[in-house]
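So for the sequence shown, this note's numbering puts the first residue at 1; every next one is plus one.
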Amino acid sequence: MAGGGVARPVRVLIIDDSATMRALMAHALSKHDDIEVVGYAGDAYGAREAIKTLNPDVATLDIEMPGMDGLTFLEKVMRLRPLPVVVVTSKTENAEAIEQQALGLGAAHCLFKPAGASGLALFEALPQKIKDAAASTDEFGGQSCQQEPLFRPKKRIFLGASTGGVDALVSVLRQFPKNCPPTLVVQHMPEKFVKLFAQRLSSVCSARVLVAYSGAKIEPGRILIAPGDAHLRVSRKSPDIAMVEDRPPVNGFRPSVDVLFHSAADAFGSSAVAALLTGMGRDGAEGLLAIKKSGGSTVAQDEATSVVYGMPRMALELGAVERPIALGKIADAVLDPCRQSRLKNAS
């Protein structure tokens with residue numbers, strides 16, 4: 001929460017056209033002393049007034065509402081009065097598209113309302129998602145008042161993720177300072193959602209976020225996201241220029257994390273720092289091992305914080321990392337090897 005760690009409950013506004021759902025969510029949240037429901041709204045217009053009057057820390061938002069739909073309202077909120085939003089909506093046939101669009105517009109998390117007894121899972125997950133969203137409020141103000149850390153100029157950061165990676169990458173990258181080391185990212189994602197994802201990252205990150213293209217500069221303070229239909233790689237011959245290539249899928253994916261990681265090992269060797277996050281399958285595991293063998297620093301997300309513990313598990317089994325670490329520690333784990341203060345201990 002904003003306010004320098006003031007010990008007060010997270011103030012939540014519940015926006016949902018269903019009175020039953022509003023009551024159920026309020027009941028679930030009432031069990032947590034560090035969360036306080038301060039108001040309710042049944043549509044976007046009531047929500048707008050409630051935000052002005054109540055100034056909540058976090059809002060939950062239904063997508064299917066009468067009048068202005070939730071996505072339109074979310075876009076307006078993020079443009080006019082940004083605050084952390086947790087989308088809680090019905091699971092429909094186009095649920096994946098709705099989730100990607102909501103996250104692209106700036107939602108902190110997206111949860112679906114399951115039917116039947118499985119609905120209990122929603123109410124178990126909701127309180128923590130709200131707390132996580134509240135913890136992001138300081139990021140809306142950026143880091144301009146803090147002294148920027150110094151980083152070793154040759155260091156480069158490489159991140160890869162798949163299922164569950166959207167939220168994981170937001171969690172990691174929003175902790176990067178404005179002058180962060182050059183960072184390249186592969187997230188398995190359809191092409192049509194990549195731009196929205198980059199926009200979402202831009203709304204919470206201090207560094208500049210761009211969708212990568214051939215010839216894009218790899219430089220401090222810039223985060224390059226792989227496009228959804230091509231591989232992203234780097235080259236020893238032109239280490240400061242990104243390369244985007246329309247080549248066949250690798251491990252069933254294009255872009256492939258392995259393509260980026262293998263190229264990083266070859267181009268940067270011990271100057272490469274990489275993290276493999278949540279995801280299904282094995283893409284990125286062998287590339288992470290290549291970075292480790294080249295002398296680079298490697299990190300993988302642990303099972304407890306992964307949505308799907310596939311890619312990180314394979315990296316651990318291959319010996320690409322010594323041990324997995326929690327998502328909340330990954331930003332420091334990749335930034336620390338890049339810090340100038342470590343120069344004295346570097347070989």
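For each residue, glycine too, the CB sits at the ideal point set by N, CA and C.
These figures come from a predicted structure and were not determined experimentally.
query, result
"Nearest to S270 (by Cα), restricted to the options P177, R156, V87, S214", "R156"
"Whole runs of the beta strand (DSSP E) within the segment 44–97, excluding any shorter than 3 residues", "58–61, 85–90"
"Terminal residues of the alpha helix (DSSP H) in which S200 lies", "The question names Ser, but residue 200 is Arg in the sequence shown. Start and end: 191–204."
"Completely contained beta strand (DSSP E) runs for the segment 206–288, where each covers 3 or more residues", "208–211, 222–225, 231–233, 243–245, 272–276"
"With 16 other Cβ atoms within 10 Å as the buried cut-off, status of A267", "buried"
"Beta-carbon proximity check, M68 vs T163, cutoff 8 Å", "no"
"Span separating the alpha-carbon of D132 from that of I330", "16 Å"
"Residue span of the alpha helix (DSSP H) that contains R22, given as start and end", "19–30"
"Whole-angstrom distance between Q340 and L71, CA atom to CA atom", "43 Å"
"Range covered by the alpha helix (DSSP H) that runs through R152", "Neither: R152 is in no alpha helix (DSSP H) and is coded neither H nor E."
"Limits of the unbroken beta strand (DSSP E) element including S297", "297–300"
"R11 beta carbon less than 8 Å from that of Y40", "no"
"For V166 and V259, the rounded distance between their alpha carbons", "19 Å"
"Euclidean distance between Cα positions of S347 and A264", "Confidence in S347 is poor, its pLDDT being 36 and thus under 50, which makes the residue's placement too unreliable to answer from."
"DSSP-derived helix/strand/coil call for A304", "coil"
"Bounding residues of the beta strand (DSSP E) (the contiguous stretch that carries E317)", "Note, E317: premise wrong, no beta strand (DSSP E); alpha helix (DSSP H) at 311–318."
"7 Å Cβ shell around K154 - same chain, five flanking residues per side excluded", "S271"
"C338 in three-state terms, based on DSSP", "helix"
"Alpha-carbon to alpha-carbon, M65 and A44", "8 Å"
"Limits of the unbroken alpha helix (DSSP H) element including G165", "165–173"
"Residues of its chain near I15, where Cβ-Cβ distance is below 7 Å and the 5 sequence neighbours each way are ignored", "A41, A47, A59, T60, L61, D62"
"Separation of A326 from A304, as counted between CA atoms", "7 Å"
"Nearest-angstrom Cα separation, counted from Q175 out to G287", "25 Å"
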